[in-house]
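Residue numbers (this note's numbering), protein chains in the order written: chain U, 14 to 165; chain W, 4 to 277.
What follows is the structure, given as structure tokens:
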């Protein structure tokens, strides 16, 4: 069936099976491979994107459920060559090791601060509970989110 | 992992969804937020032939003050239940339990009605609804009916919903002065509860619902009776596992679950001022 999703401001329209997952639509139809598939079972958060401004796990959503909606992926955060403040904070705080969880972590963190701009350390840790870092690099990730939120 | 192939229909209204359910019979499943159903389908534990998407029926997403009760639309997302001022002020236990569901991403998509209709004994929300003595409103070909939480959960992933019926609303009694506690024991962030206890004390009357202590979400009736007869939290909580038949899994054996139920119920009662 025909599915049309506005991804990072561009309308992407493809004929896909109803069972196509949103993350596969993004990676294979829209050819945006910044969004990773990790656990593929809505635990790890590597596939986190925004649908209508809210963080969701795109491995647990059908593409057809996003038909007509606005999606933002990690590729849509930066303004040209200027990184999004969250990306900049991750860069400055070295908030990544292998980098696999990073796109999802950044998207979750942006959504977290949208909802709770003054989040403290405990709230940041709690708010990122849906994102796993197999390198266990949480210390600098939390530091980066606090920096982006202006709390540090 | 991708689900087995299915036909997809977007419901245009609640009436349309019911008509589609009648048309497709037991081949069909309703899709709301999809955060219980889609994982089952990806693991091929469920393979419905038709998915009826009710996720866009915004008129089933609301929180209304209905006198002694709050009426919550079945498609109200967890995030809204967690933060809605009417819910946080009138039935704080429900908001607190919802804040423990999954993680923020899950709560942006999952719905209260979907979580209840799934009937999972490991879910946080059925226990809260039981403790609060809430009910659900079910719509179907023969009209609407109201079912108390105690009668709604009938077995493992089984509810009182017939194949051609749809959960449309949740009712919870307002209790702004209640003291309550939601105790969830798990080992890792975002995990399901190994055992949980939803406790509320309102006007001296106690309600206790347990998570993962039986094949279905279950009320700790013996604890309620004991508390209402004046027992201390410690005395009453000793009865927490009475009548429960929890299962054993890699996280906990039967005896350990019963132990947890007693400990969590005591903590919950104490935090609720008993």
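The beta-carbon is built from N, C-alpha and C at its ideal position, and this holds for glycine as well.
Under 7 Å Cβ to Cβ from residue i, same chain only, skipping five residues before and after it: list those, please.
{"i": "residue 67 (chain U)", "result": "124"}
{"i": "residue 73 (chain U)", "result": "55"}
{"i": "residue 134 (chain W)", "result": "96, 201, 202, 203, 210, 211, 212"}
{"i": "residue 230 (chain W)", "result": "209, 239, 272, 277"}
{"i": "residue 81 (chain U)", "result": "17"}
{"i": "residue 72 (chain W)", "result": "174, 175, 176, 177"}
{"i": "residue 193 (chain W)", "result": "105, 106"}
{"i": "residue 120 (chain W)", "result": "162, 164, 170"}
Does the separation of the CB atoms of residue i and residue j fall below 7 Å?
{"i": "residue 77 (chain W)", "j": "residue 170 (chain W)", "result": "yes"}
{"i": "residue 36 (chain W)", "j": "residue 112 (chain W)", "result": "yes"}
{"i": "residue 102 (chain U)", "j": "residue 161 (chain U)", "result": "yes"}
{"i": "residue 83 (chain U)", "j": "residue 47 (chain U)", "result": "no"}
{"i": "residue 24 (chain W)", "j": "residue 142 (chain W)", "result": "no"}
{"i": "residue 267 (chain W)", "j": "residue 225 (chain W)", "result": "no"}
{"i": "residue 81 (chain W)", "j": "residue 47 (chain W)", "result": "no"}
{"i": "residue 155 (chain W)", "j": "residue 139 (chain W)", "result": "yes"}
{"i": "residue 261 (chain W)", "j": "residue 244 (chain W)", "result": "yes"}
{"i": "residue 187 (chain W)", "j": "residue 196 (chain W)", "result": "yes"}
{"i": "residue 150 (chain W)", "j": "residue 115 (chain W)", "result": "no"}
{"i": "residue 145 (chain U)", "j": "residue 57 (chain U)", "result": "yes"}
Looking at the secondary structure, which residues open and close the beta strand (DSSP E) in which residue i lies?
{"i": "residue 181 (chain W)", "result": "Element bounds for residue 181 (chain W): n/a, residue is neither H nor E."}
{"i": "residue 19 (chain W)", "result": "Here residue 19 (chain W) belongs to no beta strand (DSSP E); instead the alpha helix (DSSP H) covers 17 to 27."}
{"i": "residue 138 (chain W)", "result": "138 to 142"}
{"i": "residue 55 (chain W)", "result": "53 to 56"}
{"i": "residue 11 (chain W)", "result": "10 to 13"}
{"i": "residue 62 (chain U)", "result": "61 to 64"}
{"i": "residue 83 (chain U)", "result": "83 to 85"}
{"i": "residue 189 (chain W)", "result": "From DSSP, residue 189 (chain W) is part of no beta strand (DSSP E); its letter is neither H nor E."}
{"i": "residue 131 (chain U)", "result": "No beta strand (DSSP E) contains residue 131 (chain U), which DSSP labels as neither H nor E."}
Throw me the rounded Cβ distance for the residue i and residue j pair, which I believe falls under 8 Å.
{"i": "residue 220 (chain W)", "j": "residue 143 (chain U)", "result": "That belief does not hold up - the Cβ atoms of residue 220 (chain W) and residue 143 (chain U) are roughly 24 Å apart, past 8 Å."}
{"i": "residue 128 (chain W)", "j": "residue 152 (chain W)", "result": "The pair is not a contact, with the Cβ atoms about 10 Å apart (cut-off 8 Å)."}
{"i": "residue 275 (chain W)", "j": "residue 204 (chain W)", "result": "4 Å"}
{"i": "residue 133 (chain U)", "j": "residue 85 (chain U)", "result": "Between residue 85 (chain U) and residue 133 (chain U) the Cβ distance is about 26 Å, and since that is not below 8 Å, they are no contact."}
{"i": "residue 185 (chain W)", "j": "residue 49 (chain W)", "result": "With 8 Å as the limit, residue 185 (chain W) and residue 49 (chain W) do not qualify as a contact, their Cβ atoms being about 29 Å apart."}
{"i": "residue 64 (chain W)", "j": "residue 79 (chain W)", "result": "5 Å"}
In whole angstroms, what is the alpha-carbon distance linking residue i and residue j?
{"i": "residue 9 (chain U)", "j": "residue 63 (chain U)", "result": "Here chain U covers residues 14 to 165 and nothing more, so residue 9 (chain U) does not appear."}
{"i": "residue 104 (chain U)", "j": "residue 136 (chain U)", "result": "21 Å"}
{"i": "residue 94 (chain W)", "j": "residue 125 (chain W)", "result": "21 Å"}
{"i": "residue 113 (chain U)", "j": "residue 30 (chain W)", "result": "39 Å"}
{"i": "residue 236 (chain W)", "j": "residue 190 (chain W)", "result": "25 Å"}
{"i": "residue 165 (chain U)", "j": "residue 121 (chain U)", "result": "Confidence in residue 165 (chain U) is poor, its pLDDT being 49 and thus under 50, which makes the residue's placement unreliable; the coordinate value appears in the next sentence. So the alpha carbons of these two residues sit roughly 19 Å apart."}
{"i": "residue 97 (chain U)", "j": "residue 119 (chain U)", "result": "10 Å"}
{"i": "residue 49 (chain U)", "j": "residue 117 (chain U)", "result": "8 Å"}
{"i": "residue 19 (chain U)", "j": "residue 12 (chain W)", "result": "21 Å"}
{"i": "residue 74 (chain W)", "j": "residue 89 (chain W)", "result": "10 Å"}
{"i": "residue 41 (chain W)", "j": "residue 233 (chain W)", "result": "46 Å"}
{"i": "residue 117 (chain W)", "j": "residue 252 (chain W)", "result": "25 Å"}
{"i": "residue 66 (chain W)", "j": "residue 137 (chain W)", "result": "14 Å"}
{"i": "residue 7 (chain W)", "j": "residue 269 (chain W)", "result": "45 Å"}
{"i": "residue 115 (chain U)", "j": "residue 130 (chain U)", "result": "20 Å"}
{"i": "residue 128 (chain U)", "j": "residue 41 (chain U)", "result": "30 Å"}
{"i": "residue 207 (chain W)", "j": "residue 249 (chain W)", "result": "29 Å"}
{"i": "residue 183 (chain W)", "j": "residue 227 (chain W)", "result": "13 Å"}
{"i": "residue 22 (chain W)", "j": "residue 144 (chain W)", "result": "8 Å"}
{"i": "residue 69 (chain W)", "j": "residue 223 (chain W)", "result": "28 Å"}
{"i": "residue 148 (chain W)", "j": "residue 43 (chain W)", "result": "28 Å"}
{"i": "residue 38 (chain U)", "j": "residue 106 (chain U)", "result": "32 Å"}
Only counting the same chain, and skipping five residues up and downstream in sequence, which positions put a Cβ closer than 8 Å to that of residue i?
{"i": "residue 20 (chain W)", "result": "14, 33, 55, 57, 60, 169"}
{"i": "residue 31 (chain U)", "result": "14, 75, 77"}
{"i": "residue 157 (chain W)", "result": "122, 163, 219"}
{"i": "residue 198 (chain W)", "result": "188, 213, 214, 215, 216, 249, 255, 260, 263, 264, 267"}
{"i": "residue 17 (chain W)", "result": "57, 60, 62, 63, 142, 169, 171"}
If I measure Cβ to Cβ from residue i and keep anything under 6 Å in the same chain, skipping five residues before and after, which residues do I get?
{"i": "residue 108 (chain U)", "result": "153, 154, 157"}
{"i": "residue 35 (chain U)", "result": "71, 74, 76, 79"}
{"i": "residue 4 (chain W)", "result": "45"}
{"i": "residue 148 (chain U)", "result": "110, 111"}
{"i": "residue 26 (chain U)", "result": "17"}
{"i": "residue 33 (chain U)", "result": "76"}
{"i": "residue 242 (chain W)", "result": "225, 226, 229"}
Could you please give the first and the last residue of the uninterrupted alpha helix (DSSP H) stretch that includes residue i?
{"i": "residue 117 (chain W)", "result": "115 to 121"}
{"i": "residue 156 (chain U)", "result": "151 to 161"}
{"i": "residue 156 (chain W)", "result": "No alpha helix (DSSP H) holds residue 156 (chain W); the beta strand (DSSP E) holding it covers 156 to 158."}
{"i": "residue 212 (chain W)", "result": "Element bounds for residue 212 (chain W): not the alpha helix (DSSP H) but the beta strand (DSSP E), 208 to 214."}
{"i": "residue 83 (chain W)", "result": "81 to 86"}
{"i": "residue 163 (chain W)", "result": "No alpha helix (DSSP H) holds residue 163 (chain W); DSSP gives it neither H nor E."}
{"i": "residue 265 (chain W)", "result": "257 to 274"}
{"i": "residue 240 (chain W)", "result": "236 to 240"}
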